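**Student:**
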Amino acid sequence: MKSIGEMIKGMLESVPGLIAAVVIDSDGIPIAMEGKIDMEPEDLGAMLASAFQCYQALGDGLGQFYCELVTAEFDGINVAQQMMPRGSLILVAEKSSPMGVVRVAARTGRQALNEAMETTAEARKRFMEEHKLRLPRIPGDPGKQRPVSLLTFLEKKKKG
Amino acid sequence: MKIVGDRIYLKLIFFGTALAGKTTALEWLFYHAIPDEMKLVKELRQVKTSFGQTLLFDFAPIEISQNIITRMFSATGQDYYKGTRTKVLADSDGIFIVVDSQKNQLENNRLILQELEKCRKEMDGLAEADIVVMYNKNDLDETFPMDFLSQNLGLKQWEGFSTCALTGENLEDALISMLRKLTEKLKVQGFNVE
Chain Z
1 MKSIGEMIKG MLESVPGLIA AVVIDSDGIP IAMEGKIDME PEDLGAMLAS AFQCYQALGD
61 GLGQFYCELV TAEFDGINVA QQMMPRGSLI LVAEKSSPMG VVRVAARTGR QALNEAMETT
121 AEARKRFMEE HKLRLPRIPG DPGKQRPVSL LTFLEKKKKG
Chain E
1 MKIVGDRIYL KLIFFGTALA GKTTALEWLF YHAIPDEMKL VKELRQVKTS FGQTLLFDFA
61 PIEISQNIIT RMFSATGQDY YKGTRTKVLA DSDGIFIVVD SQKNQLENNR LILQELEKCR
121 KEMDGLAEAD IVVMYNKNDL DETFPMDFLS QNLGLKQWEG FSTCALTGEN LEDALISMLR
181 KLTEKLKVQG FNVE
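Residue numbers (UniProt numbering), protein chains in the order written: chain Z, 1 to 160; chain E, 1 to 194.
Structure below.
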């Protein structure tokens, strides 16, 4: 079975106009990167994961189950970020490259990469799981009248 | 501060090292101190990693007074995400610096305060943001006292509170202090604020 690096290298060679391909896991940790991107992989991964999570949160708010694909058209390049079960595939293409082609390449690439991504799960978990915070939630009193301002409310509360 | 339609939007940030208690402080204030009637969302909006730590921010929009919305964010403290951490600081009106008072965190506190200072110099308007310091984890044994930390970390110029985000100790006082500063600033700019 091909490695993730080999797979995305194959995409770069077969899809016209692609200049870089990146695979990150769901927390932004870069797994593989091929092509030319003038950015630190960690920064790139964090940015992409954050952006994708923002879209996912937006989708949640809009009543959607998951975000499949995010595309961005910059002045010099086009970017497509395709969700995968354990991360995402990012394709960076020349501006002249048709977005439809990039989109199709991202969707096709997802299928090939899914299985290979399974093996990264444990590494991600070890990296992240030491940082957890939880606080039990106490519901508020919906019957309370609305105070004039939060500052007034808190000051009055402090005075008892 | 942004004015959109007839509303004023303020931005408050909880900023500090990883595991200092930023999210816990925001959660405590959101679920225990702020009346439900003022919350614009029922739950905190959180952009977390798959394992529960803050990836980009936690977010709570609050209507602190009529037509004045305060958007409260806790920035991620994880250095891994520092590329995005500073983005959350943009356009802040107030910053809660959350200091982890544990003795073994002194250097980490120093480093993140250097990062904040750099941002205050480089990001437009950030130097004007009001600052209140939470010296957190005062319930633990191996901690430095507030006076030592404020002196040692160069935070003496800002009002500080010895806090415990888990129990909420002094969090409301810190929020009152910040709200007073923001209210005063709005009044100076001619807004009729209670």
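All C-beta atoms in this analysis are idealised placements derived from N, C-alpha and C, irrespective of residue type, glycine included. Note that this is a predicted model, so its numbers are computed, not measured.
With 8 Å set as the bound, which would you pick, yes or no: does the beta-carbon of L154(Z) sit closer than that to a beta-carbon of chain E?
**Tutor:** Within the first sequence, residue 154(Z) is the residue found at index 154, counting from 1. Taking Cβ atoms only, chain E reaches closer than 8 Å to L154(Z), which makes this a yes.
**Student:** What residue from I34(E), W28(E) and D58(E) has the CA that sits closest to F15(E)'s CA?
**Tutor:** Here residue 15(E) is taken as the residue at index 15 of the second sequence, counted from 1. Per the Cα distances, D58(E).
**Student:** So the beta strand (DSSP E) G35(Z) belongs to, where does it begin and stop?
**Tutor:** The residue you call residue 35(Z) lines up with position 35 of the first sequence. Note, G35(Z): beta strand (DSSP E), P30 to G35.
**Student:** DSSP has N78(Z) in a bridge; who is on the other side?
**Tutor:** Position 78 of the first sequence holds residue 78(Z). N78(Z) is bridged to E73(Z) and A93(Z).
**Student:** Which chain Z residues are close to R180(E), counting only those with a beta carbon under 7 Å from its beta carbon?
**Tutor:** The residue labelled residue 180(E) in the question sits at position 180 within the second sequence. Ordered by position in chain Z, the residues that pass the 7 Å Cβ test against R180(E) are L151.
**Student:** Could you tell me which residues DSSP pairs with T70(E) in its beta bridges?
**Tutor:** Taking the first residue of the second sequence as 1, we reach residue 70(E) at position 70. DSSP output for T70(E) lists L10(E) and I62(E) as bridge partner(s).
**Student:** Pairing CB atoms from the segment 1-17 of chain Z with CB atoms from the segment 10-28 of chain E, are three or more of them under 8 Å?
**Tutor:** Too few Cβ pairs lie closer than 8 Å, so no.
**Student:** Cα-Cα, which of K36(Z), L151(Z) and A112(Z) is closest to I83(Z)?
**Tutor:** Locating residue 83(Z) in the first sequence gives position 83, where the first residue counts as 1. A quick correction: the sequence has Met, not Ile, at residue 83(Z). Of the candidates K36(Z), L151(Z) and A112(Z), the one whose C-alpha sits nearest the C-alpha of M83(Z) is A112(Z).
**Student:** With 16 other CB atoms within 10 Å as the buried threshold, where does L149(E) fall?
**Tutor:** Taking the second sequence and counting its residues from 1, the one referred to as residue 149(E) is at position 149. By the 10 Å Cβ count, L149(E) comes out buried.
**Student:** P30(Z) to V22(Z), Cα distance in whole Å?
**Tutor:** Position 30 of the first sequence, counted from the first residue, corresponds to residue 30(Z). Position 22 of the first sequence, counted from the first residue, corresponds to residue 22(Z). The alpha-carbon atoms of P30(Z) and V22(Z) are separated by roughly 7 Å.
**Student:** Would you say L135(Z) reaches chain E, if we count a Cβ-Cβ gap shorter than 8 Å as a contact?
**Tutor:** As a first step, residue 135(Z) must be located in the first sequence, where it is residue number 135. Only weak support exists for where L135(Z) lies, its pLDDT of 24 falling under 50; the value from the coordinates is given anyway. With 8 Å as the cut-off, L135(Z) counts as an interface residue toward chain E.
**Student:** Just reading off the alpha helix (DSSP H) that G10(Z) is part of, what are its end residues?
**Tutor:** Against the first sequence, residue 10(Z) aligns to sequence position 10. Looking at the DSSP string, the run of the alpha helix (DSSP H) that includes G10(Z) is I4 to S14.
**Student:** Quick check on the DSSP output: the beta strand (DSSP E) that includes E159(E) runs from which residue to which?
**Tutor:** Here residue 159(E) refers to the residue found at position 159 of the second sequence. Run containing E159(E): E159 to S162, per the beta strand (DSSP E) assignment.
**Student:** With a cut-off of 8 Å, do at least 3 Cβ pairs link the segment 121-132 of chain E to the segment 156-166 of chain E?
**Tutor:** Cβ pair count under 8 Å is three or more, so yes.
**Student:** Could you spell out where the alpha helix (DSSP H) holding Q151(E) opens and where it closes?
**Tutor:** In the second sequence, residue 151(E) corresponds to position 151, counting from 1. Taken as a continuous stretch (DSSP letters only), the alpha helix (DSSP H) holding Q151(E) covers M146 to N152.
**Student:** Does L40(E) pass the burial test, meaning 16 or more other C-beta atoms within 10 Å, or should it be called exposed?
**Tutor:** To locate residue 40(E), count along the second sequence from 1; it is residue 40. The residue is exposed, with fewer than 16 neighbouring Cβ atoms inside 10 Å.
**Student:** Drop a sphere of 10 angstroms on the beta-carbon of I3(E), count the other beta-carbons inside from all chains shown, and report buried for 16 or more, exposed for fewer.
**Tutor:** Indexing the second sequence from 1 puts residue 3(E) at position 3. Per the 10 Å Cβ criterion, exposed.
**Student:** Compute the distance between the beta-carbons of A116(Z) and I8(Z), then report whether it is under 8 Å.
**Tutor:** Counting from one through the first sequence, the residue named residue 116(Z) turns up at place 116. Counting from one through the first sequence, the residue named residue 8(Z) turns up at place 8. Not closer than 8 Å, so no.
**Student:** Tell me the rounded alpha-carbon separation between L153(E) and L111(E).
**Tutor:** The residue labelled residue 153(E) in the question sits at position 153 within the second sequence. The residue labelled residue 111(E) in the question sits at position 111 within the second sequence. Going from the Cα of L153(E) to the Cα of L111(E) covers about 10 Å.
**Student:** At which residues does the beta strand (DSSP E) containing L18(Z) begin and terminate?
**Tutor:** Here residue 18(Z) is taken as the residue at index 18 of the first sequence, counted from 1. First-last of the beta strand (DSSP E) with L18(Z): L18 to D25.
**Student:** Can you tell me where the beta strand (DSSP E) with G94(E) in it begins and where it stops?
**Tutor:** Locating residue 94(E) in the second sequence gives position 94, where the first residue counts as 1. Counting along the chain, the beta strand (DSSP E) containing G94(E) begins and ends at G94 to D100.
**Student:** Quick check on S26(Z) - is its C-beta less than 8 Å from some C-beta in chain E?
**Tutor:** Within the first sequence, numbered from 1, the residue matching residue 26(Z) stands at position 26. It does: the Cβ of S26(Z) has a partner Cβ on chain E nearer than 8 Å.
**Student:** In the DSSP assignment, find the unbroken beta strand (DSSP E) run with Q46(E) in it and report its ends.
**Tutor:** The count along the second sequence starts at 1 and reaches residue 46(E) at position 46. Where Q46(E) is concerned, the enclosing beta strand (DSSP E) stretches over R45 to K48.
**Student:** Would you say residue 241(E) faces chain Z, with C-beta separation under 8 Å as the test?
**Tutor:** This structure gives no information on residue 241(E), because the portion of chain E shown stretches from 1 to 194.
**Student:** Mind pulling the chain E residues with CB within less than 7 Å of Q53(Z)?
**Tutor:** Taking the first sequence and counting its residues from 1, the one referred to as residue 53(Z) is at position 53. Result: V47, L55 and L56.
**Student:** Mind listing the chain Z neighbours of I62(E)? Cutoff is C-beta to C-beta under 9 Å, in chain order.
**Tutor:** Counted from its first residue, the second sequence places residue 62(E) at position 62. Near I62(E) (Cβ distances below 9 Å), the residues of chain Z are L150.
**Student:** Does the ligand GDP have even one heavy atom less than 7 Å from the beta-carbon of K103(E)?
**Tutor:** Here there are no bound small molecules, and the ligand GDP is not part of this structure.
**Student:** Are T24(E) and L179(E) touching if we call contact CB-CB under 8 Å?
**Tutor:** Along the second sequence, one-based indexing puts residue 24(E) at 24. Along the second sequence, one-based indexing puts residue 179(E) at 179. No, the pair does not count as a contact, with Cβ atoms beyond the cut-off.
**Student:** I'd like to know whether the C-beta of I131(E) is nearer than 8 Å to at least one C-beta of chain Z.
**Tutor:** Residue 131(E) sits at position 131 when you count from the first residue of the second sequence. Judged by the 8 Å Cβ criterion, I131(E) is not in contact with chain Z.
**Student:** Who are the neighbours of K158(Z) on chain E, taking C-beta pairs under 9 Å?
**Tutor:** In the first sequence, counting from the first residue as 1, residue 158(Z) sits at position 158. Neighbours of K158(Z) on chain E, chain order: E172, D173 and I176.
**Student:** Give the DSSP bridge partners of residue 212(E), in chain order.
**Tutor:** With chain E covering 1 to 194 only, the question about residue 212(E) has no answer from this structure.
**Student:** Looking only at its own chain, which residues have a Cβ that is under 7 Å from the Cβ of G87(Z), when we skip the five neighbours before and after it?
**Tutor:** Residue mapping note: residue 87(Z) aligns to position 87 of the first sequence, counting from 1. Excluding sequence neighbours, G87(Z) sits near V23, I24, D25, S26, I31 and M117.
**Student:** Are L175(E) and W28(E) touching if we call contact CB-CB under 8 Å?
**Tutor:** The count along the second sequence starts at 1 and reaches residue 175(E) at position 175. The count along the second sequence starts at 1 and reaches residue 28(E) at position 28. Not closer than 8 Å, so no.
**Student:** With DSSP collapsed to three states, give me the class of S50(Z).
**Tutor:** To locate residue 50(Z), count along the first sequence from 1; it is residue 50. Helix, per DSSP.
**Student:** Write down the C-beta distance between K103(E) and F144(E) rounded to the nearest angstrom, noting that I regard them as a contact closer than 8 Å.
**Tutor:** For the purposes of this step, residue 103(E) is taken as the residue at position 103 of the second sequence. For the purposes of this step, residue 144(E) is taken as the residue at position 144 of the second sequence. About 6 Å separates the two Cβ atoms, so the contact holds.
**Student:** Determine the direct distance from the alpha carbon of I90(Z) to that of G83(E), and round the result to whole angstroms.
**Tutor:** Working through the second sequence from its first residue, we reach residue 83(E) at position 83. Working through the first sequence from its first residue, we reach residue 90(Z) at position 90. Going by the C-alpha atoms only, they are around 18 Å apart.
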